[in-house]
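Note sheet for the following structure.
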Amino acid sequence: MFCNSRAILVSTRNQRTFYCLHDLGGIALYKHQASDKRLLEDALWASYQLDRELQDVRLALLKATPDSMAELTLAYDILYSRLRVIERGQVAELIRRVELRGHDIDTMLADIRALDEAVQALTPDSLPAQRETLDQLLAEIQEATGALAVRTNLYFAGQRQRDREALYTLIRSSLVLVALTMLAGLILLFQLRHQQLSLESRQRALSETNAQLKKPSSRLKKPAKPNPISWPWSVMKCVRR
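For this note's numbering, count along the sequence shown from 1 and bump the result up by 6.
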(Lines of atoms letter the chains of each structure in order from A and count residues from 1; the text may use other names and numbers.)
(Lines give C-alpha, C1' and ligand atoms only; values in the text may rest on other atoms or scores of the structure.)
Protein backbone atom coordinates (compact mmCIF):
# COMPACT_ATOMS: atom_id res chain seq x y z
CA MET A 1 0.00 0.00 0.00
CA PHE A 2 2.82 2.36 0.82
CA CYS A 3 4.50 1.68 -2.53
CA ASN A 4 1.24 2.25 -4.38
CA SER A 5 0.64 5.56 -2.61
CA ARG A 6 4.20 6.63 -3.32
CA ALA A 7 3.84 5.74 -7.01
CA ILE A 8 0.59 7.69 -7.26
CA LEU A 9 2.22 10.69 -5.57
CA VAL A 10 5.20 10.60 -7.93
CA SER A 11 2.91 10.27 -10.95
CA THR A 12 0.80 13.22 -9.79
CA ARG A 13 3.88 15.39 -9.30
CA ASN A 14 5.18 14.49 -12.75
CA GLN A 15 1.83 15.37 -14.32
CA ARG A 16 1.75 18.72 -12.54
CA THR A 17 5.31 19.46 -13.65
CA PHE A 18 4.40 18.54 -17.21
CA TYR A 19 1.34 20.81 -17.18
CA CYS A 20 3.36 23.71 -15.74
CA LEU A 21 6.09 23.36 -18.36
CA HIS A 22 3.49 23.09 -21.10
CA ASP A 23 1.71 26.23 -19.89
CA LEU A 24 4.98 28.14 -19.69
CA GLY A 25 5.81 27.08 -23.22
CA GLY A 26 2.41 28.25 -24.44
CA ILE A 27 2.81 31.61 -22.71
CA ALA A 28 6.29 32.08 -24.20
CA LEU A 29 4.97 31.24 -27.67
CA TYR A 30 2.06 33.65 -27.25
CA LYS A 31 4.37 36.48 -26.17
CA HIS A 32 6.74 35.76 -29.04
CA GLN A 33 3.88 35.85 -31.54
CA ALA A 34 2.54 39.07 -30.00
CA SER A 35 5.99 40.69 -30.29
CA ASP A 36 6.31 39.57 -33.92
CA LYS A 37 2.82 40.88 -34.62
CA ARG A 38 3.74 44.34 -33.31
CA LEU A 39 6.92 44.36 -35.40
CA LEU A 40 4.98 43.34 -38.50
CA GLU A 41 2.44 46.09 -37.89
CA ASP A 42 5.25 48.63 -37.45
CA ALA A 43 6.93 47.43 -40.64
CA LEU A 44 3.66 47.62 -42.55
CA TRP A 45 2.99 51.11 -41.21
CA ALA A 46 6.53 52.26 -42.10
CA SER A 47 6.27 50.96 -45.67
CA TYR A 48 2.89 52.63 -46.19
CA GLN A 49 4.13 55.88 -44.71
CA LEU A 50 7.17 55.87 -46.97
CA ASP A 51 5.00 55.43 -50.05
CA ARG A 52 2.55 58.07 -48.83
CA GLU A 53 5.25 60.65 -48.09
CA LEU A 54 6.80 60.08 -51.50
CA GLN A 55 3.41 60.72 -53.07
CA ASP A 56 3.12 63.93 -51.04
CA VAL A 57 6.48 65.06 -52.42
CA ARG A 58 5.25 64.48 -55.97
CA LEU A 59 2.06 66.45 -55.28
CA ALA A 60 4.07 69.26 -53.69
CA LEU A 61 6.36 69.31 -56.72
CA LEU A 62 3.45 69.53 -59.17
CA LYS A 63 1.79 72.28 -57.14
CA ALA A 64 5.00 74.17 -56.38
CA THR A 65 5.37 77.76 -57.47
CA PRO A 66 8.28 80.14 -57.01
CA ASP A 67 6.48 81.43 -53.91
CA SER A 68 5.62 78.02 -52.36
CA MET A 69 8.87 76.08 -52.70
CA ALA A 70 9.11 75.84 -48.91
CA GLU A 71 6.23 73.33 -48.93
CA LEU A 72 8.16 71.11 -51.34
CA THR A 73 11.24 71.26 -49.13
CA LEU A 74 9.16 70.41 -46.04
CA ALA A 75 7.53 67.44 -47.78
CA TYR A 76 10.92 66.07 -48.77
CA ASP A 77 12.29 66.55 -45.24
CA ILE A 78 9.41 64.46 -43.88
CA LEU A 79 10.12 61.78 -46.49
CA TYR A 80 13.80 61.83 -45.57
CA SER A 81 12.96 61.33 -41.88
CA ARG A 82 11.04 58.14 -42.73
CA LEU A 83 14.26 56.56 -43.93
CA ARG A 84 15.56 56.17 -40.38
CA VAL A 85 12.77 53.76 -39.48
CA ILE A 86 13.41 51.54 -42.49
CA GLU A 87 17.21 51.63 -42.29
CA ARG A 88 17.69 50.84 -38.58
CA GLY A 89 16.28 48.64 -35.85
CA GLN A 90 14.15 45.52 -35.84
CA VAL A 91 11.66 47.01 -38.27
CA ALA A 92 14.45 47.45 -40.82
CA GLU A 93 15.53 43.82 -40.35
CA LEU A 94 11.97 42.67 -40.85
CA ILE A 95 11.43 44.79 -43.96
CA ARG A 96 14.58 43.36 -45.52
CA ARG A 97 13.01 39.91 -45.32
CA VAL A 98 10.36 41.04 -47.80
CA GLU A 99 11.16 39.91 -51.31
CA LEU A 100 10.75 42.61 -53.96
CA ARG A 101 10.59 41.52 -57.58
CA GLY A 102 12.37 43.93 -59.88
CA HIS A 103 13.36 46.30 -57.07
CA ASP A 104 16.02 46.53 -54.41
CA ILE A 105 15.44 48.15 -51.03
CA ASP A 106 18.97 49.53 -50.73
CA THR A 107 18.79 51.04 -54.22
CA MET A 108 15.41 52.58 -53.43
CA LEU A 109 16.70 54.19 -50.24
CA ALA A 110 19.81 55.46 -52.03
CA ASP A 111 17.65 57.05 -54.75
CA ILE A 112 15.56 58.84 -52.12
CA ARG A 113 18.71 60.19 -50.47
CA ALA A 114 20.04 61.31 -53.83
CA LEU A 115 16.99 63.56 -54.25
CA ASP A 116 18.23 65.75 -51.41
CA GLU A 117 20.79 67.51 -53.58
CA ALA A 118 18.32 68.05 -56.43
CA VAL A 119 15.60 69.42 -54.15
CA GLN A 120 17.99 71.73 -52.32
CA ALA A 121 19.35 73.01 -55.64
CA LEU A 122 15.92 74.10 -56.86
CA THR A 123 15.40 77.82 -57.28
CA PRO A 124 12.37 79.78 -58.42
CA ASP A 125 14.01 80.17 -61.82
CA SER A 126 15.01 76.48 -62.28
CA LEU A 127 11.76 75.01 -60.94
CA PRO A 128 9.84 74.96 -64.26
CA ALA A 129 12.72 73.30 -66.09
CA GLN A 130 13.47 70.71 -63.36
CA ARG A 131 9.87 69.85 -62.50
CA GLU A 132 9.37 67.15 -65.15
CA THR A 133 12.76 65.53 -64.55
CA LEU A 134 12.22 65.33 -60.78
CA ASP A 135 8.71 63.99 -61.27
CA GLN A 136 10.02 61.17 -63.44
CA LEU A 137 12.57 60.26 -60.77
CA LEU A 138 9.91 60.33 -58.07
CA ALA A 139 7.60 58.17 -60.21
CA GLU A 140 10.32 55.52 -60.62
CA ILE A 141 11.03 55.53 -56.90
CA GLN A 142 7.32 55.33 -56.09
CA GLU A 143 7.05 52.12 -58.08
CA ALA A 144 9.52 50.59 -55.64
CA THR A 145 7.85 52.05 -52.53
CA GLY A 146 4.43 50.90 -53.75
CA ALA A 147 5.74 47.40 -54.39
CA LEU A 148 7.32 47.41 -50.92
CA ALA A 149 4.01 48.37 -49.30
CA VAL A 150 2.11 45.66 -51.19
CA ARG A 151 4.69 42.94 -50.53
CA THR A 152 4.93 43.88 -46.87
CA ASN A 153 1.16 43.60 -46.57
CA LEU A 154 1.25 40.16 -48.21
CA TYR A 155 4.10 39.09 -45.96
CA PHE A 156 2.21 40.34 -42.92
CA ALA A 157 -0.93 38.42 -43.96
CA GLY A 158 1.10 35.26 -44.56
CA GLN A 159 2.84 35.61 -41.21
CA ARG A 160 -0.48 36.00 -39.42
CA GLN A 161 -1.71 32.84 -41.14
CA ARG A 162 1.42 31.00 -40.06
CA ASP A 163 0.98 32.24 -36.50
CA ARG A 164 -2.62 31.02 -36.46
CA GLU A 165 -1.56 27.63 -37.78
CA ALA A 166 1.17 27.43 -35.14
CA LEU A 167 -1.37 28.32 -32.44
CA TYR A 168 -3.83 25.70 -33.71
CA THR A 169 -1.04 23.14 -33.79
CA LEU A 170 -0.15 24.02 -30.20
CA ILE A 171 -3.78 23.63 -29.13
CA ARG A 172 -4.14 20.28 -30.90
CA SER A 173 -0.88 18.98 -29.46
CA SER A 174 -1.96 20.18 -26.01
CA LEU A 175 -5.24 18.27 -26.26
CA VAL A 176 -3.44 15.15 -27.46
CA LEU A 177 -0.87 15.38 -24.68
CA VAL A 178 -3.58 15.91 -22.06
CA ALA A 179 -5.49 12.90 -23.39
CA LEU A 180 -2.34 10.76 -23.38
CA THR A 181 -1.51 11.91 -19.87
CA MET A 182 -4.99 11.02 -18.64
CA LEU A 183 -4.76 7.64 -20.36
CA ALA A 184 -1.38 7.00 -18.77
CA GLY A 185 -2.84 7.94 -15.39
CA LEU A 186 -5.75 5.55 -15.85
CA ILE A 187 -3.41 2.75 -16.89
CA LEU A 188 -1.24 3.42 -13.84
CA LEU A 189 -4.25 3.37 -11.53
CA PHE A 190 -5.48 0.15 -13.13
CA GLN A 191 -2.08 -1.49 -12.65
CA LEU A 192 -1.84 -0.31 -9.06
CA ARG A 193 -5.36 -1.59 -8.38
CA HIS A 194 -4.51 -4.92 -9.96
CA GLN A 195 -1.35 -5.21 -7.88
CA GLN A 196 -3.29 -4.32 -4.74
CA LEU A 197 -5.93 -6.97 -5.42
CA SER A 198 -3.25 -9.55 -6.21
CA LEU A 199 -1.41 -8.69 -2.99
CA GLU A 200 -4.59 -8.95 -0.94
CA SER A 201 -5.39 -12.30 -2.56
CA ARG A 202 -1.94 -13.66 -1.74
CA GLN A 203 -2.24 -12.39 1.82
CA ARG A 204 -5.59 -14.15 2.26
CA ALA A 205 -4.20 -17.37 0.81
CA LEU A 206 -1.18 -17.16 3.12
CA SER A 207 -3.43 -16.53 6.13
CA GLU A 208 -5.60 -19.53 5.27
CA THR A 209 -2.52 -21.73 4.82
CA ASN A 210 -1.12 -20.65 8.18
CA ALA A 211 -4.46 -21.35 9.83
CA GLN A 212 -4.60 -24.85 8.35
CA LEU A 213 -1.05 -25.59 9.45
CA LYS A 214 -1.76 -24.52 13.01
CA LYS A 215 -4.71 -26.92 13.48
CA PRO A 216 -2.79 -30.31 13.32
CA SER A 217 -0.02 -29.02 15.52
CA SER A 218 -2.51 -27.99 18.19
CA ARG A 219 -4.10 -31.44 18.09
CA LEU A 220 -0.76 -33.18 18.59
CA LYS A 221 0.08 -31.09 21.62
CA LYS A 222 -3.17 -32.01 23.52
CA PRO A 223 -2.76 -35.09 25.99
CA ALA A 224 -5.17 -38.02 25.73
CA LYS A 225 -7.88 -37.97 28.39
CA PRO A 226 -8.90 -41.29 30.17
CA ASN A 227 -12.36 -42.63 29.61
CA PRO A 228 -14.30 -41.89 32.76
CA ILE A 229 -16.75 -44.71 32.09
CA SER A 230 -14.42 -47.59 31.11
CA TRP A 231 -11.90 -47.07 33.95
CA PRO A 232 -14.00 -48.28 36.87
CA TRP A 233 -15.03 -51.48 35.03
CA SER A 234 -11.42 -52.42 34.38
CA VAL A 235 -10.62 -51.96 38.02
CA MET A 236 -13.55 -54.11 39.02
CA LYS A 237 -12.43 -56.91 36.69
CA CYS A 238 -9.02 -56.92 38.32
CA VAL A 239 -10.58 -57.10 41.79
CA ARG A 240 -12.78 -60.03 40.83
CA ARG A 241 -9.86 -62.07 39.61
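A virtual CB, placed ideally from N, CA and C, is assigned to each residue, including glycine.
Please report the distance separating the alpha-carbon of residue 67 from that of residue 177.
Roughly 54 Å between the two C-alpha positions.
Within its chain, find whatever has a CB closer than 8 Å to the CB of residue 102; leave out the 5 residues flanking it on each side and keep chain order.
111
Give the straight-line distance between the Cα atoms of residue 124 and residue 140, rounded to the nearest whole angstrom.
8 Å
First and last residue of the alpha helix (DSSP H) that includes residue 97?
Its alpha helix (DSSP H) spans residues 95 to 101.
Among the candidates 78, 88, 73, whose CA atom is the shortest distance from the CA of residue 53?
88
Do the region 177 to 188 and the region 128 to 137 make contact, defined as three or more Cβ pairs closer than 8 Å?
no
For the pair the region 113 to 120 and the region 145 to 154, tell me if three or more CB-CB distances fall below 8 Å.
Result yes; three or more Cβ-Cβ pairs closer than 8 Å.
Short Cβ contact (9 Å threshold) for residue 69 with residue 77
yes
With a CB to CB cut of under 8 Å and the five nearest residues on each side skipped, what residues in its chain are close to residue 144?
60, 63, 64, 67, 121
Let's test the definition: count the other Cβ atoms within 10 Å of the Cβ of residue 193 and tell me whether it reaches 16, buried, or not, exposed.
With fewer than 16 Cβ atoms within 10 Å of its Cβ, residue 193 is classed as exposed.
For a quick check, are the C-beta atoms of residue 93 and residue 157 less than 9 Å apart?
no
Contact defined as beta carbons within less than 8 Å: I believe residue 45 pairs with residue 100. What is the distance between those atoms, to the nearest angstrom?
Between residue 100 and residue 45 the Cβ distance is about 5 Å, and since that is below 8 Å, they are a contact.
Under 9 Å between the Cβ atoms of residue 50 and residue 155?
yes
Collapsed DSSP secondary structure at residue 106 in the structure displayed:
coil
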